[in-house]
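K.L.:
From first to last, the protein sequence lines are chains A and B.
Take the first sequence: its letter number 109 is residue 110 in my numbering, and every next letter is one higher.
Take the second sequence: its letter number 18 is residue 33 in my numbering, and every next letter is one higher.
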Amino acid sequence: DAGITQSPRHKVTETGTPVTLRCHQTENHRYMYWYRQDPGHGLRLIHYSYGVKDTDKGEVSDGYSVSRSKTEDFLLTLESATSSQTSVYFCAIAEGVNTEAFFGQGTRLTVV
Amino acid sequence: SQQGEEDPQALSIQEGENATMNCSYKTSINNLQWYRQNSGRGLVHLILIRSNEREKHSGRLRVTLDTSKKSSSLLITASRAADTASYFCATDTGGSEKLVFGKGTKLTVNP
Chain A
2 DAGITQSPRH
12 KVTETGTPVT
22 LRCHQTENHR
32 YMYWYRQDPG
42 HGLRLIHYSY
52 GVKDTDKGEV
62 SDGYSVSRSK
72 TEDFLLTLES
82 ATSSQTSVYF
92 CAIAEGVNTE
102 AFFGQGTRLT
112 VV
Chain B
16 SQQGEEDPQA
26 LSIQEGENAT
36 MNCSYKTSIN
46 NLQWYRQNSG
56 RGLVHLILIR
66 SNEREKHSGR
76 LRVTLDTSKK
86 SSSLLITASR
96 AADTASYFCA
106 TDTGGSEKLV
116 FGKGTKLTVN
126 P
């Protein structure tokens with residue numbers, strides 16, 4: 002299995018609080034992605050990174066920010082969590098844009 | 016809106032039958048990938064087909080790509096109960112480095 006871990010795996014937080022999800026890889030892959038998965042919507046891209054300090058927005062980036070200060074870590078931050086951000090979040094890594102992606106196990110976030 | 020759209024949204028078949036899922040996309044692509052997701056788990060890569068390829072096989076999987084119609088199909092032959100999962104197509108978006116997924120097809124294979 003590709004070396005990719007997400008933390009935490011589960012989190013319950015209150016509306017208005019900041020939340021940071023972490024994606025850690027040991028594969029030295031260049032690309033890292035954050036997705037959210039909701040019923041009826043499949044996977045939607047939030048943000049992605051194509052190198053250290055190089056990030057860009059995806060389809061549903063409003064309310065989210067990311068940082069990648071080193072190759073192995075990609076952080077997703079919800080500055081002020083809302084109930085609409087209740088979802089399962091997946092991180093993925095890829096060596097190149099035209100290669101297969103490897104997924105983490107997901108983080109189930111509930112905003113109450 | 017999302018780049019890829021799978022069809023049908025749900026498919027239920029009997030063990031031993033073939034399952035066909037389709038994916039349509041909007042922009043030009045360099046490659047198209049298919050992934051599988053078992054309930055509650057992360058996605059697992061199945062197969063990648065490049066834009067200059069028309070067909071690719073991997074075990075019981077057969078993928079076709081028609082760039083003129085901006086569509087792909089995934090065929091699973093002689094399905095098994097263990098093939099029960101959701102299947103997603105994913106594409107780059109031509110000029111960008113995004114990897115964008117569709118909404119998926121939920122396949123149920125009844126024993």
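Cβ coordinates follow ideal geometry from the N, Cα and C atoms, glycine included.
Find the nearest neighbour of A/S84 within the set A/T18, A/H11, A/G4, judged by alpha-carbon distance.
P.N.:
A/T18
K.L.:
Restricting to runs no shorter than 3 residues, where is the beta strand (DSSP E) found entirely within the stretch 54-116 of chain B?
P.N.:
58-65, 70-73, 76-81, 86-91, 100-106
K.L.:
Opposite A/S66 in the DSSP bridges: which residues?
P.N.:
A/T78
K.L.:
Are the beta-carbon atoms of B/R51 and B/A96 separated by less than 8 Å?
P.N.:
no
K.L.:
Which same chain residues, not among the five before or five after A/S68, have their C-beta less than 7 Å away from its C-beta?
P.N.:
L76
K.L.:
Evaluate the contact criterion for the stretch 19-32 of chain B versus the stretch 78-96 of chain B: three or more CB pairs, one atom per stretch, below 8 Å.
P.N.:
Result yes; three or more Cβ-Cβ pairs closer than 8 Å.
K.L.:
At a Cβ cut of 8 Å, what residues of the stretch 79-91 of chain A count as close to chain B, listed as they run along the chain?
P.N.:
F91
K.L.:
Hey, out of A/R109, A/R37, A/C92, A/L46, whose CA is closest to A/E73's CA?
P.N.:
For the residues A/R109, A/R37, A/C92, A/L46, the minimum Cα distance to A/E73 belongs to A/C92.
K.L.:
Using the beta-carbon count (16 or more within 10 Å), is A/V13 buried or exposed?
P.N.:
That one is exposed.
K.L.:
State yes or no: is the beta carbon of B/H60 nearer than 8 Å to at least one beta carbon in chain A?
P.N.:
So, interface residue.
K.L.:
Along the beta strand (DSSP E) that carries A/H25, what are the first and last residues, could you check?
P.N.:
20-26
K.L.:
Quick one: Cα of A/E28 to Cα of A/I94, how far?
P.N.:
CA-CA distance, A/E28 to A/I94, rounds to 9 Å.
K.L.:
Could you check which residue in A/G105, A/I5, A/V113, A/E101 has the C-alpha nearest to that of B/L61?
P.N.:
A/E101
K.L.:
Can you grab the Cα-Cα spacing for the pair B/L90 / B/S73, in whole Å?
P.N.:
10 Å
K.L.:
For A/V1, list the residues DSSP reports as bridge partners.
P.N.:
There is simply no residue 1 of chain A to check, as chain A begins at 2 and stops at 113 in what is shown.
K.L.:
Considering only residues of the same chain and omitting the five flanking positions on each side of A/I5, which have a CB-CB separation below 6 Å?
P.N.:
Q26, I94, F103, G105.
K.L.:
Using only the alpha-carbon positions, how far apart do A/T111 and A/Q86 sit?
P.N.:
8 Å
K.L.:
Determine the chain A residues that contact B/L114 at a beta-carbon separation under 8 Å, and present them in chain order.
P.N.:
Those within 8 Å of B/L114 in chain A are Y32, Y34, L46, Y49, A93, A95, V98, A102.
K.L.:
Compare the C-beta of B/N33 against all C-beta atoms of chain A and say whether one is closer than 8 Å.
P.N.:
The C-beta of B/N33 comes no closer than 8 Å to any C-beta of chain A.
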